[in-house]
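**Q**
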Ligand code: 13P
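Numbering (the working numbering), first residue to last: 879 to 1136.
1. Could you please give the first and the last residue of the uninterrupted alpha helix (DSSP H) stretch that includes residue 930?
2. Taking the alpha carbon of residue 1137 as the reference point, which residue from 1043, 968, 978 has its own alpha carbon closest?
3. For a test of your reading of the model: does the CB of residue 942 fall under 6 Å from any non-hydrogen atom of the ligand 13P? Yes or no.
4. Out of 1001, 1121, 937, 1061, point me to the one whose CA is closest to residue 900's CA.
5. Unbroken alpha helix (DSSP H) runs of length 4 or more, entirely within the stretch 993 to 1030: which are they?
6. Classify residue 1134: buried if its beta carbon has 16 or more other beta carbons within 10 angstroms, exposed otherwise.
7. From 1074, 1070, 1062, pick the residue whose C-alpha is nearest to that of residue 1099; which is it?
8. Tell me the rounded alpha-carbon separation between residue 1131 and residue 915.
9. With contact counted as at least three CB pairs below 8 Å, one residue from each stretch, are the stretch 1027 to 1040 and the stretch 985 to 1004 in contact?
10. Less than 7 Å between the C-beta atoms of residue 1105 and residue 884, yes or no?
11. In this structure, does DSSP put residue 967 in helix, strand or coil?
12. Report the CB separation of residue 931 from residue 893 in whole angstroms; it is logged as a contact under 8 Å.
13. Hey, how far is the Cα of residue 1078 from the Cα of residue 910?
14. What does DSSP give as the partner residues of residue 973 in its beta bridges?
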């Protein structure tokens, strides 16, 4: 982390977990535990039907609610899809875009790019995900692959909007597996992502970009991961479902930084 130049963000991704009633229960418990200090931003990205309950409980707190996906079109005949202005109207601040679980369902880099534009135009903060498979890591092409995903996802995003984008590095082999990247492995890729941003947008913007790590980040390993200079927070799956664990990760963000 580096609190001098950029924001730290601890974000939960609930995936397909919790009902609206369970959301209300979680949010009420979590709200009661929130620390007074403001050392990082906090987001909880929840299933679409849980957004109203989450927004209601977290109103007037520092916790921003987010969605886990959006459609890039403003409106129209897209059965089952949700547009960015609907998310904004429902009270969302963030939206996760291009998670590997959605890419596995067929989402392409072009889709990710269109969604990033739609989110930015609506005033949402996109949390754009990238990550390599185990096969790609073993082939030694991780940094090239990630650079390609970042460049494709950010195509056409103008310089004045890049600071609104959060990037999440999530190695696919570390997601939900309990197999975390080592702090050194995660740092290496996050640093190389910052280099890509530097080439595209210059060093001031690169320095100001928030880059998260995700993949089996939990209350036990968060401190060490967050101690890395280019890891500005986390995108947390399983451990964001339990208020105490999520809180411990937030507390791990309260450590001395550069
Ligand atoms: P886990 O923390 O459960 O490994 O999930 C990570 C993730 O995919 C967050 O988006």
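The beta-carbon is built from N, C-alpha and C at its ideal position, and this holds for glycine as well.
**A** Short version:
1. If you look at residue 930, you'll find it in the alpha helix (DSSP H) that goes 929 to 936.
2. Here the chain covers residues 879 to 1136 and nothing more, so residue 1137 does not appear.
3. Incorrect: residue 942 has no Cβ contact closer than 6 Å to the ligand 13P.
4. 1121
5. Within the stretch 993 to 1030, the complete alpha helix (DSSP H) runs of at least 4 residues are 1012 to 1017.
6. It counts as exposed.
7. 1062
8. 11 Å
9. yes
10. no
11. Of the three classes helix, strand and coil, the one that applies to residue 967 here is helix, per DSSP.
12. Not a contact, Cβ separation roughly 17 Å.
13. 42 Å
14. 945, 1004
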